[in-house]
Amino acid sequence: MIRVKRSHLVCIALLSLSVCGIAYGKDRVHFLIPGGAGGGWDMTARAVGESLSRSGIIETASYENLSGGGGSRAIAHLIETAPRQTNTLMVNSSSFILRSLLNKFPYSHRDLTPIASVIADYGAFVVRIDSPYVVWQDVIDDYLKDYRRVNIAGGSSRGSTDHVVAALAFSKSNLDISRLKYIPYNAGGQAMVGLLSGECQLLSTGLSEAVALAEQGEVRILAITAPKRLPLFPNVPTLKEQNVDAVFANWRGFFAPPGVSQKNVKDYGQLIEELLALERWQQLRADRGWSHLYLSGNNFNDFLSEQEVELSILLDELGLLNK
Amino acid sequence: MTNFFDNKDRVGAFLILAFSLFYLRSSLSIPVDSFDAEIGFTSKTLPIFLGSCALVISLLLLFISFFQSEGQSISKGARDYDWKPVLALILLMAAYVMLFNYLGFVLASALFLQSAFVLLGERRLLVSISVSLGLVLFLWLLLTHVFGLYLDGGTLYRVFVS
Amino acid sequence: MIDGILIGLQTAFTPINLLMVLAGCFAGTFIGMLPGLGPVSAIALMIPVTYGLDPASGLILISGVYYGAVFGGSTSAILINAPGVSGAVATAFDGYPMAQSGNAGKALAIAAYSSFAGGTIGAILLLLCVPFLASVSLSFQSSEYFALMVFGCTAVAAFSGKGQVLKAVLMTLVGLMLATVGEDPSGAQRLTFGNPELSDGISFLLLSMATFALAEALSMVLKGRSKSNDSESEEMANVNFKSLKLSRDEIKEIAMPVGRSSVLGFLVGVLPGAGATIASFLGYGMERNLASQEQKKRFGKGSPIGLAAPETANNAASTGSFVPLLTLGIPGSATTAIMLGALLSYGVQPGPRLFIDNPAVFWSVIVSMYLGNIVLLILNLPLIPYIAKILQVPRQFLTPIILFLSLMGVYLVSFNSAELSIMLVIGVIALVFRILDYPLAPMLLGFILGGMLEDNLRRALLIWDGSYDFLWQRPITATIVMVTVIVLLTPVFSEIFKRASGKR
Numbered sequence: 001m002i003r004v005k006r007s008h009l010v011c012i013a014l015l016s017l018s019v020c021g022i023a024y025g026k027d028r029v030h031f032l033i034p035g036g037a038g039g040g041w042d043m044t045a046r047a048v049g050e051s052l053s054r055s056g057i058i059e060t061a062s063y064e065n066l067s068g069g070g071g072s073r074a075i076a077h078l079i080e081t082a083p084r085q086t087n088t089l090m091v092n093s094s095s096f097i098l099r100s101l102l103n104k105f106p107y108s109h110r111d112l113t114p115i116a117s118v119i120a121d122y123g124a125f126v127v128r129i130d131s132p133y134v135v136w137q138d139v140i141d142d143y144l145k146d147y148r149r150v151n152i153a154g155g156s157s158r159g160s161t162d163h164v165v166a167a168l169a170f171s172k173s174n175l176d177i178s179r180l181k182y183i184p185y186n187a188g189g190q191a192m193v194g195l196l197s198g199e200c201q202l203l204s205t206g207l208s209e210a211v212a213l214a215e216q217g218e219v220r221i222l223a224i225t226a227p228k229r230l231p232l233f234p235n236v237p238t239l240k241e242q243n244v245d246a247v248f249a250n251w252r253g254f255f256a257p258p259g260v261s262q263k264n265v266k267d268y269g270q271l272i273e274e275l276l277a278l279e280r281w282q283q284l285r286a287d288r289g290w291s292h293l294y295l296s297g298n299n300f301n302d303f304l305s306e307q308e309v310e311l312s313i314l315l316d317e318l319g320l321l322n323k
Numbered sequence: 001m002t003n004f005f006d007n008k009d010r011v012g013a014f015l016i017l018a019f020s021l022f023y024l025r026s027s028l029s030i031p032v033d034s035f036d037a038e039i040g041f042t043s044k045t046l047p048i049f050l051g052s053c054a055l056v057i058s059l060l061l062l063f064i065s066f067f068q069s070e071g072q073s074i075s076k077g078a079r080d081y082d083w084k085p086v087l088a089l090i091l092l093m094a095a096y097v098m099l100f101n102y103l104g105f106v107l108a109s110a111l112f113l114q115s116a117f118v119l120l121g122e123r124r125l126l127v128s129i130s131v132s133l134g135l136v137l138f139l140w141l142l143l144t145h146v147f148g149l150y151l152d153g154g155t156l157y158r159v160f161v162s
Numbered sequence: 001m002i003d004g005i006l007i008g009l010q011t012a013f014t015p016i017n018l019l020m021v022l023a024g025c026f027a028g029t030f031i032g033m034l035p036g037l038g039p040v041s042a043i044a045l046m047i048p049v050t051y052g053l054d055p056a057s058g059l060i061l062i063s064g065v066y067y068g069a070v071f072g073g074s075t076s077a078i079l080i081n082a083p084g085v086s087g088a089v090a091t092a093f094d095g096y097p098m099a100q101s102g103n104a105g106k107a108l109a110i111a112a113y114s115s116f117a118g119g120t121i122g123a124i125l126l127l128l129c130v131p132f133l134a135s136v137s138l139s140f141q142s143s144e145y146f147a148l149m150v151f152g153c154t155a156v157a158a159f160s161g162k163g164q165v166l167k168a169v170l171m172t173l174v175g176l177m178l179a180t181v182g183e184d185p186s187g188a189q190r191l192t193f194g195n196p197e198l199s200d201g202i203s204f205l206l207l208s209m210a211t212f213a214l215a216e217a218l219s220m221v222l223k224g225r226s227k228s229n230d231s232e233s234e235e236m237a238n239v240n241f242k243s244l245k246l247s248r249d250e251i252k253e254i255a256m257p258v259g260r261s262s263v264l265g266f267l268v269g270v271l272p273g274a275g276a277t278i279a280s281f282l283g284y285g286m287e288r289n290l291a292s293q294e295q296k297k298r299f300g301k302g303s304p305i306g307l308a309a310p311e312t313a314n315n316a317a318s319t320g321s322f323v324p325l326l327t328l329g330i331p332g333s334a335t336t337a338i339m340l341g342a343l344l345s346y347g348v349q350p351g352p353r354l355f356i357d358n359p360a361v362f363w364s365v366i367v368s369m370y371l372g373n374i375v376l377l378i379l380n381l382p383l384i385p386y387i388a389k390i391l392q393v394p395r396q397f398l399t400p401i402i403l404f405l406s407l408m409g410v411y412l413v414s415f416n417s418a419e420l421s422i423m424l425v426i427g428v429i430a431l432v433f434r435i436l437d438y439p440l441a442p443m444l445l446g447f448i449l450g451g452m453l454e455d456n457l458r459r460a461l462l463i464w465d466g467s468y469d470f471l472w473q474r475p476i477t478a479t480i481v482m483v484t485v486i487v488l489l490t491p492v493f494s495e496i497f498k499r500a501s502g503k504r
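Chains as they are written, first to last, in my numbering: chain A, 1 to 323; chain B, 1 to 162; chain C, 1 to 504.
Encoded structure:
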């Protein structure tokens, strides 16, 4: 038995030697990722972390993938363990607000400390290259003739971003969205297959995912939900210029645990500003097709509250709110 | 009647019957989207269909087991079974799972392996300790340092460090 | 095209790239053998390692890892009944019983040969008909996928031996029922009882580790006393479990199934919504239906055909899944999605223009597939006797290690110890059903097919506005439905026929 106990001591000694990246010293950032490796949140957090650590702004970045419940596990974890998460930033996106509104979890952005949004992926409406739709008005006309003819593919379940962005565009085109035929697929790639195989006429997805395939000449991007044309993609028309006032940014940003000191918030803000100035970051962002969207501190908070109001109206129109 | 449940098919069918009743009952309360209701296939259509099928087939199986002259006996085989180490292993795993967050990956795993080795009759402590500790440390190094995965150190570790 | 192949060969056959494929296969096999770490995690883990290599070398390394991990997954399925990837589940059906009967070496060798055959035939088909297949792969819509999943369920017939039919069907239903747990496409929480751990549903890995690896390891302890340890190891030594030799008859026996399964597997793999798992089940089911009465009896008990068919189909399908990826830029499965990520990280955008814009990369990917398969065979055949030795590890060590690795495999995906509790409960229930002689394989099959079956049916119904007309109005759907009905009814009719003629 004595030997067994000794082995525990060895364990503890070894553990403390190698620290596994949770020592909360300065210049370390621990990224909490609410989804699995390879997803959108994961890519964003790792891109930010790597840009920061490789350019020497921070010493090390560690990443913790805590998937489950569409992000609720990570949020719960961050709130529960807030006192010790002094160096932790959680990445999240618009789906945070959606799931909070839909009561998928009992938290909202007010339960955390919003730090900043760094990028946006605008919603994109994509059609097959041989589609009769050329401009957004063609979609509206067809929908008015027979709403059943417009099947909209999306890579996530009903009430998630792809669905809501489509609803926004149709709603702002003065159409009755309670009839919207949204066909949910398990992933963006599957939804793209749905479009290409011809069972869906329109695909609602993120611009970064659509752009690569559009360049390959298989699909056309009919419109995006950006406020004006993007410098990275000057040829992609917006809904706004087609007289539909639908603007929606699927932001991706960072949150600190609740109750972080003002000084800490300021430090984080500065960190993000340093990140945005990095050439490495700008290059990476361009490669991935992400758009710049920097909002920090109170601006970010106000933006989130505005989006919350806007989305709750939409979800109500879709009949999804009172469930 | 003591032998009533000494029949493999019958007990299995009973268990699944109970499960499908429970499943069906829970399926009835699945919320339905009005949009789905229009096409006649909602979130609860398939669960109710599956639950009913399972209910019918398990009843059928139960029914058949009454008419079979000779069922497969459970107690016959069970006499030769080594129940003790299996129960002990299950309890050990339960303890491992419960203590995992507290002790952290390395400590909990090494303890679990070590206890399981001893439990299954390994008496050479030096051998078993080097296997349990060696395997766990090797995996830990591989995962955290080669693959860069993040493994939480555990509550105990934090108590020690801070 | 010849030019392209030459460019590809030239790139692949540099010493550094040969080293890459070797290293990749080795690392992949090793990672894949750990339950829980399948091709997806293996590639995800290797991507950071390949930073800084030039695209061709990086891709060659990664495809080596890919093939290695697929083979490694089969290895743990065969040796310890722990299929960590859904594509290896069907491999465990006959591979594990075969290894248990003392032929571990032979089982691994059959797996190696058939995955080589599947991969190579797949790569040849890929080379010959890429442009044609790209359009075929898009002719499948949700209704076709739904029909395909229903057809896949007929593979369950393989487990319905004498008096087992009802039990097998019942267990399939239980699997289908378990697949409905979690948040569905309409956003409804089903059968989660407000438990956030269940809202993502039960993961495949959790279920397969609990019902296969965990329950099997425990039931071995349970039956431990009846067979004394000494006699068991003697028995092992007697049949020379390290032997890789296949008899001439055995080769003859599996040759046709391997040929058929590789074509079938490849075609199923080309469909972006089906993938390797469905292919392996269909290959298994098809060969069982085609087998003679005598061979049929051996299915599920260590039949060489039952091992070779799914293994071949799995690998051919993995290769086939590169068709939609390379020609359309569409990832059809989690594995190809991570491959797409790897390609993108090298600045290679797959799609119809890849072939024209970047022929060197396109062809070196294809050539590295051949290479990966060949190297894997050369690398693994000599290693098999050593790998098979795992079974010689004394029980008191092997069992706890299997339990530990299967728990770890699940933890490493979700990092959630609450999932481990769910796994333990399912494992104990599975043990009870094992004792009661209820087959667990159909449950896993139902579970894997269940989610896709329902999703595709719901999509088809949404698109067809609630009408079931797609079942006969779409020719491919109608054909698959018809074949399913024939496969289901043939045994019934032959039985009736036999009885009728017997009476006379």
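All C-beta atoms, glycine included, are put in the ideal place defined by N, C-alpha and C.
Relative to residue 34 (chain A), the option among C:486, C:125 and C:416 whose CA is nearest is C:416. When Cβ-Cβ separations below 8 Å define contact, residue 67 (chain A) makes contact with chain C. Around the Cβ of residue 143 (chain A), a 10 Å sphere holds 16 or more other Cβ atoms; the residue is buried.
If you look at residue 363 (chain C), you'll find it isn't in any beta strand (DSSP E); it sits in the alpha helix (DSSP H) that goes 359-388.
With respect to the 8 Å criterion, residue 97 (chain A) and residue 293 (chain A) are not classified as neighbours on the basis of their beta carbons. C-alpha of residue 382 (chain C) to C-alpha of residue 368 (chain C): approximately 22 Å in a straight line.
A residue is called buried when at least 16 other Cβ atoms come within 10 angstroms of its Cβ; residue 45 (chain A) meets this threshold and is buried. The beta carbon of residue 261 (chain C) lies closer than 6 Å to those of 283, 309, 312 and 313 in the same chain, with the five residues before and after it left out. Within the segment 445-503 of chain C, the complete alpha helix (DSSP H) segments of 4 residues or longer fall at 470-473 and 475-503, listed in chain order. Within the segment 44-86 of chain C, complete alpha helix (DSSP H) segments of at least 4 residues are found at 55-80, given in chain order.
Between residue 76 (chain C) and residue 111 (chain C), the CB-CB gap reaches or exceeds 8 Å. Taking all protein chains in view, the Cβ of residue 266 (chain A) is surrounded by fewer than 16 other Cβ atoms within 10 Å, so the residue is classified as exposed.
Straight-line measurement puts the Cα of residue 41 (chain B) at about 9 Å from the Cα of residue 462 (chain C). In chain order, 193, 196, 197 and 198 make up the part of chain A whose C-beta sits under 8 Å from the C-beta of residue 138 (chain C).
Neighbourhood of residue 26 (chain B) in chain C, by CB distance below 8 Å: 191 and 193, in chain order. For residue 413 (chain C), the CB contacts under 8 Å within the same chain, skipping 5 residues up- and downstream, are 36, 41, 203 and 205 in chain order.
Sequence-distant partners of residue 47 (chain A) (beyond 5 residues in either direction) whose C-beta falls short of 6 Å from its own C-beta, in its chain, are 284.
Counting along the chain, residue 161 (chain A) sits inside the alpha helix (DSSP H) bounded by residues 161-172. The alpha-carbon separation between residue 159 (chain A) and residue 102 (chain A) amounts to approximately 8 Å. Straight-line measurement puts the Cα of residue 266 (chain C) at about 13 Å from the Cα of residue 114 (chain C).
The beta carbon of residue 73 (chain A) does not come within 8 Å of any beta carbon belonging to chain B, so the residue lies off that interface. Taking the Cα positions, residue 16 (chain C) is about 33 Å away from residue 86 (chain C). Membership of residue 92 (chain A) in the beta strand (DSSP E) is indicated by the continuous run 88-93.
For the pair residue 58 (chain C) and residue 82 (chain C), the Cα-to-Cα distance works out to about 30 Å. With respect to residue 102 (chain B), residue 153 (chain B) sits apart: the two C-beta atoms are not nearer than 8 Å. Uninterrupted alpha helix (DSSP H) stretches at least 4 residues long and entirely within the segment 292-362 of chain C occur at 293-298, 304-320, 322-328, 334-345 and 354-357, given in chain order. A Cβ-Cβ contact shorter than 8 Å links residue 24 (chain C) with residue 65 (chain C).
Counting the other Cβ atoms within 10 Å of the Cβ of residue 161 (chain A) gives 16 or more, which makes it buried. For residue 82 (chain B), no chain A residue has a Cβ inside 8 Å of its Cβ, as the nearest lies near 25 Å away. For residue 339 (chain C), not one C-beta of chain B is nearer than 8 Å to its own C-beta. For the pair residue 212 (chain C) and residue 484 (chain C), the CB atoms are not nearer than the 8 Å cut-off. The beta carbon of residue 243 (chain C) lies closer than 7 Å to those of 105 and 106 in the same chain, with the five residues before and after it left out.
Beyond the five residues adjoining it in sequence on each side, residue 68 (chain C) comes within less than 8 Å, by CB distance, of 24, 25, 26, 27, 28, 29, 30, 31, 32, 42, 372 and 376 in the same chain, given in chain order. For residue 284 (chain C), the uninterrupted alpha helix (DSSP H) segment begins and ends at 276-290. The secondary-structure analysis by DSSP pairs residue 68 (chain B) with nothing; it has no beta-bridge partner. The beta carbon of residue 12 (chain B) sits closer than 8 Å to the beta carbons of 61 from its chain, once the five residues preceding and following it are set aside; these are given in chain order.
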